[in-house]
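Asks: Got a structure for you, questions after.
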Amino acid sequence: MTKRSMSLVGFMQAGSTTVYAGSWRHPATEHGFLSARYYAKLGRILEEGCFDMMFFDDRLAMPGIYGGSVAEAVRLGARPVKLDLSVVLGVIAGVTDHIGLGATYSTTYYSPFHVARTFATLDHLTGGRAAWNVVTSVNDSEAQNYGFTEHLGHDERYDRADEFLEATTGLWDTWEDGALVLERESGYFADPAKVHELGYDGKWFSVRGPLTVPRCPQGRPVLLQAGSSGRGRDFAARWAELIFTGDLDIDIARSHYKDQKERIAQGGRDPDSVKMLPMLYTVVGESHAHAEEREQVFLNELVDPVASLTLLSELMNHDFSGMALEDPITDELIESVSGVRGLVQNMHRHIGGTVTLADLAGHRATLLQGPRFVGTGAEIADQMEHWMAAEACDGFVIAATHCPGAYEDMVRLVVPELQRRGLFRSRYSGSTLRDNLGLPRPERAVLA
Ligand SMILES: Cc1cc2nc3c(=O)[nH]c(=O)nc-3n(C[C@H](O)[C@H](O)[C@H](O)COP(=O)(O)O)c2cc1C
Numbered sequence: 045m046t047k048r049s050m051s052l053v054g055f056m057q058a059g060s061t062t063v064y065a066g067s068w069r070h071p072a073t074e075h076g077f078l079s080a081r082y083y084a085k086l087g088r089i090l091e092e093g094c095f096d097m098m099f100f101d102d103r104l105a106m107p108g109i110y111g112g113s114v115a116e117a118v119r120l121g122a123r124p125v126k127l128d129l130s131v132v133l134g135v136i137a138g139v140t141d142h143i144g145l146g147a148t149y150s151t152t153y154y155s156p157f158h159v160a161r162t163f164a165t166l167d168h169l170t171g172g173r174a175a176w177n178v179v180t181s182v183n184d185s186e187a188q189n190y191g192f193t194e195h196l197g198h199d200e201r202y203d204r205a206d207e208f209l210e211a212t213t214g215l216w217d218t219w220e221d222g223a224l225v226l227e228r229e230s231g232y233f234a235d236p237a238k239v240h241e242l243g244y245d246g247k248w249f250s251v252r253g254p255l256t257v258p259r260c261p262q263g264r265p266v267l268l269q270a271g272s273s274g275r276g277r278d279f280a281a282r283w284a285e286l287i288f289t290g291d292l293d294i295d296i297a298r299s300h301y302k303d304q305k306e307r308i309a310q311g312g313r314d315p316d317s318v319k320m321l322p323m324l325y326t327v328v329g330e331s332h333a334h335a336e337e338r339e340q341v342f343l344n345e346l347v348d349p350v351a352s353l354t355l356l357s358e359l360m361n362h363d364f365s366g367m368a369l370e371d372p373i374t375d376e377l378i379e380s381v382s383g384v385r386g387l388v389q390n391m392h393r394h395i396g397g398t399v400t401l402a403d404l405a406g407h408r409a410t411l412l413q414g415p416r417f418v419g420t421g422a423e424i425a426d427q428m429e430h431w432m433a434a435e436a437c438d439g440f441v442i443a444a445t446h447c448p449g450a451y452e453d454m455v456r457l458v459v460p461e462l463q464r465r466g467l468f469r470s471r472y473s474g475s476t477l478r479d480n481l482g483l484p485r486p487e488r489a490v491l492a
């Protein structure tokens with residue numbers, strides 16, 4: 045049995061549902077998503093459980109692809125609310141001391157200067173706990189909120205994202221460590237020889253710099269990424285330090301792990317310095333029967349099929365309202381969608397044989413794209429340990445069936461079991477997120 049230490053990350057949503065579409069109807073869900081107190085509570089719970097990090101997903105539009113309207117998303121509560129993440133993280137930063145804080149920001153709709161400044165600021169204000177989940181966004185509804193008619197093509201989004209990362213990492217390097225002098229008497233504020241223009245000039249972006257925020261405690265925030273197509277994996281191999289996957293079972297996860305780590309090595313980086321974490325739902329009970337009952341009663345009956353199709357259409361950037369539930373999902377259809385292609389390919393492999401729209405919608409609603417472990421704390425710890433030992437992952441991104449209860453259950457019943465087995469920390473040892481994840485502080489690139 046391996047004793048590699050496990051990373052645990054909370055997969056958070058600043059809105060009305062978790063990624064599980066029925067979560068807002070769960071009897072134990074708190075409807076506090078419009079209050080600062082709610083997010084502060086989540087931060088405290090996860091920090092008590094010594095989680096490495098909590099990060100928030102994002103979407104820049106209401107789901108409006110299904111039937112060409114947002115009506116069903118609004119009526120059924122299929123992710124119609126998404127708050128601004130920098131404000132939410134600021135609230136959590138104020139009530140926590142150790143846990144890493146991450147947000148999803150789009151390389152397709154934001155600009156490098158804006159993103160570099162936001163995360164450098166967060167890293168300073170948290171003493172080095174910031175992380176950025178780099179996404180290219182998923183659909184036309186988002187494009188239409190930012191002055192475009194349709195979303196950029198799949199590979200083009202990644203080309204743009206490469207430039208975006210060159211520009212943002214460049215901006216983070218415009219200040220050298222030790223540039224601030226702050227000599228009151230002489231009036232010498234900072235050393236101009238240690239603050240540089242960037243002069244980035246690419247196909248998509250040109251940024252003069254320097255950044256208006258001094259070099260941050262972590263050098264740069266920790267970079268997360270979740271693309272799972274071939275182009276997405278190459279992008280992750282170049283930039284990501286933590287890779288979030290939607291691998292549905294242990295076989296898929298093992299082959300993804302091997303392939304991704306090989307791509308990282310081929311690109312000249314150390315594969316051990318990049319962590320791969322699949323998304324995982326846990327349903328914990330005091331006994332196995334109790335956990336199964338919770339799964340049955342609270343999970344399998346809360347999702348309206350139309351809510352599920354609404355979210356599927358949003359994620360795939362394809363209107364499924366014209367298809368019958370028993371219609372097969374063909375290879376041609378997958379090729380024609382411009383949204384998250386890797387997700388459907390993954391589901392095909394997992395389900396096997398003919399996959400129908402009902403299969404896809406069912407997964408979208410109840411599993412999204414990760415496994416679900418059901419049982420007592422010890423049983424869930426067994427399965428987590430098994431995935432780690434099989435080199436299927438370096439830890440997990442924990443998604444919530446309901447909130448905050450799913451995290452309270454994890455912290456009360458599963459984390460102590462992992463700690464007893466020596467698989468997970470009992471206290472934070474480092475002061476920054478990089479320290480806690482065992483990631484190096486990046487060298488600063490030399491600028492003129
Ligand atoms: C588990 C998972 C979570 C994701 N979360 C987000 C998100 O919060 N916001 C977003 O715009 N895209 C999100 N994405 C989309 C990816 O960032 C990426 O743009 C998408 O998967 C398309 O790339 P691919 O075809 O390489 O997978 C997520 C993808 C996966 C697999």
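Numbering-wise (our numbering), the sequence shown opens with residue 45 and increments by one.
For each residue, glycine too, the CB sits at the ideal point set by N, CA and C.
Alpha carbons only, please: which of Val135, Ser365, Ala80, Leu209 is nearest the one belonging to Val266?
Replies: Taking only the C-alpha atoms, the option nearest Val266 is Leu209.
Asks: Report back the beta-carbon spacing between Gly54 and Ile442 to the nearest angstrom; my notes put them in contact at under 8 Å.
Replies: Between Ile442 and Gly54 the Cβ distance is about 6 Å, and since that is below 8 Å, they are a contact.
Asks: By Cβ distance, which residues of its chain are closer than 6 Å to Gln463, with the 5 residues on each side in sequence left out?
Replies: Ser470.
Asks: When you compare only the Cα positions, how much space is there between Gly231 and Thr180?
Replies: Approximately 44 Å between the Cα atoms of the pair.
Asks: What is the DSSP secondary structure of Gln389, counted as helix, strand or coil?
Replies: Three-state DSSP puts Gln389 in a helix.
Asks: Please report the residue range of the beta strand (DSSP E) in which Ile442 lies.
Replies: First-last of the beta strand (DSSP E) with Ile442: 439 to 443.
Asks: Is there at least one non-hydrogen atom of ligand 1 closer than 7 Å to the beta-carbon of Ser317?
Replies: Flag unset: Cβ of Ser317 not near ligand 1.
Asks: Let me make sure I understand the geometry here. Which of Asp102, Ala205, Gly87, Pro372 has the alpha-carbon closest to that of Ala58?
Replies: Out of Asp102, Ala205, Gly87, Pro372, Asp102 has the C-alpha closest to the C-alpha of Ala58.
Asks: In the DSSP output, what is Arg298 paired with across the bridge?
Replies: Paired residues: none, contrary to the question.
Asks: When DSSP labels each residue in this structure, what does Tyr325 get in the three-state scheme?
Replies: Strand at Tyr325.
Asks: Leaving out five residues before and five after Leu268 in sequence, what residues of the same chain have Cβ atoms less than 8 Å from its Cβ?
Replies: Excluding residues within five positions, the ones whose Cβ falls inside 8 Å are Phe99, Gly146, Ala175, Trp176, Asn177, Val178, Ala284, Glu285, Leu286, Ile287, Phe288.
Asks: Is Ser365 helix, strand or coil by DSSP?
Replies: In this structure, Ser365 counts as helix in the three-state DSSP scheme.
Asks: Spatial neighbours of His430 within its chain, please: C-beta separation below 8 Å, excluding the five flanking residues on both sides.
Replies: If we look at His430 and ignore the five residues flanking it on each side, its Cβ neighbours are Ile294.
Asks: For a test of your reading of the model: does the CB of His198 fall under 7 Å from any non-hydrogen atom of ligand 1? Yes or no.
Replies: The answer is yes for His198.
Asks: Any heavy atom of ligand 1 closer than 7 Å to the CB of Pro436?
Replies: Reading off the sequence shown, one finds Ala at residue 436, where the question assumed Pro. No - ligand 1 has no heavy atom lying nearer than 7 Å to the Cβ of Ala436.
Asks: Report yes if the C-beta distance between Val459 and Gly93 is below 8 Å; otherwise report no.
Replies: Taking 8 Å as the Cβ cut-off, Val459 and Gly93 qualify as a contacting pair.
Asks: Among the residues of its own chain, which have a CB less than 7 Å from the CB of Glu220, if the five just before and after it don't count?
Replies: Within the same chain, Glu220 has close Cβ partners Lys238, Arg259, Arg488.
Asks: Contact between the segment 74 to 94 and the segment 125 to 144 is defined here as three or more beta-carbon pairs at a separation below 8 Å; is this criterion met?
Replies: Yes, they touch.
Asks: Enumerate in chain order the residues of its own chain whose CB-to-CB distance from Ala164 is below 7 Å, with the five nearest sequence positions on each side excluded.
Replies: Only Trp216, Leu255, Val257, Cys260 meet the Cβ criterion.
Asks: At what residue ranges does the segment 195 to 277 contain a whole run of the beta strand (DSSP E), taking only runs of 3 or more?
Replies: Here the runs fully enclosed are 224 to 227, 232 to 234, 266 to 269.
Asks: Between Asp206 and Pro486, what straight-line distance do the alpha-carbon atoms span, to the nearest angstrom?
Replies: Those two C-alpha atoms are separated by around 18 Å.
Asks: My guess is that Asn361 and Asp184 are in contact by the Cβ rule of under 8 Å, so how many angstroms apart are they, rounded?
Replies: Rounded, the Cβ-Cβ distance is 6 Å, consistent with contact.
Asks: Is Phe288 close to ligand 1? I mean its beta-carbon at under 7 Å from any heavy atom of the ligand.
Replies: Yes, the Cβ of Phe288 comes within 7 Å of a heavy atom of ligand 1.
Asks: Where DSSP assigns a beta bridge to Met97, which residues make up the other side?
Replies: Met97 pairs with Val53, Gly144.
Asks: Measure from the alpha carbon of Tyr190 to the alpha carbon of each residue in Thr212, Thr151, Glu200, then state which is nearest.
Replies: Comparing Cα-Cα distances from Tyr190 to each of Thr212, Thr151, Glu200, the minimum goes to Thr151.
Asks: Just grab the DSSP bridge partners of Pro372 for me.
Replies: Paired residues: Thr400.
Asks: Does the segment 366 to 377 come into contact with the segment 334 to 341, if we say contact requires no fewer than three beta-carbon pairs (one atom in each stretch) closer than 8 Å?
Replies: Because the criterion of three Cβ pairs below 8 Å is not met, the segment 366 to 377 and the segment 334 to 341 do not touch.
Asks: Does the Cβ of Ser60 lie closer than 7 Å to at least one heavy atom of ligand 1?
Replies: No, the Cβ of Ser60 stays beyond 7 Å of every heavy atom of ligand 1.
Asks: Please confirm whether Glu358 and Ile143 have their CB atoms less than 8 Å apart.
Replies: Not a contact, by the Cβ cut-off of 8 Å.
Asks: What number of angstroms, rounded off, separates the C-alpha of Gly449 from the C-alpha of Val418?
Replies: Their backbone Cα atoms lie some 15 Å apart in a straight line.
Asks: May I have the straight-line CA-CA distance separating Gln188 from Leu127, to the nearest angstrom?
Replies: Looking at the two C-alpha atoms, the distance is approximately 18 Å.
Asks: Below 8 Å between beta carbons: does that hold for His394 and Ile296?
Replies: Yes, the pair counts as a contact, with Cβ atoms nearer than the cut-off.
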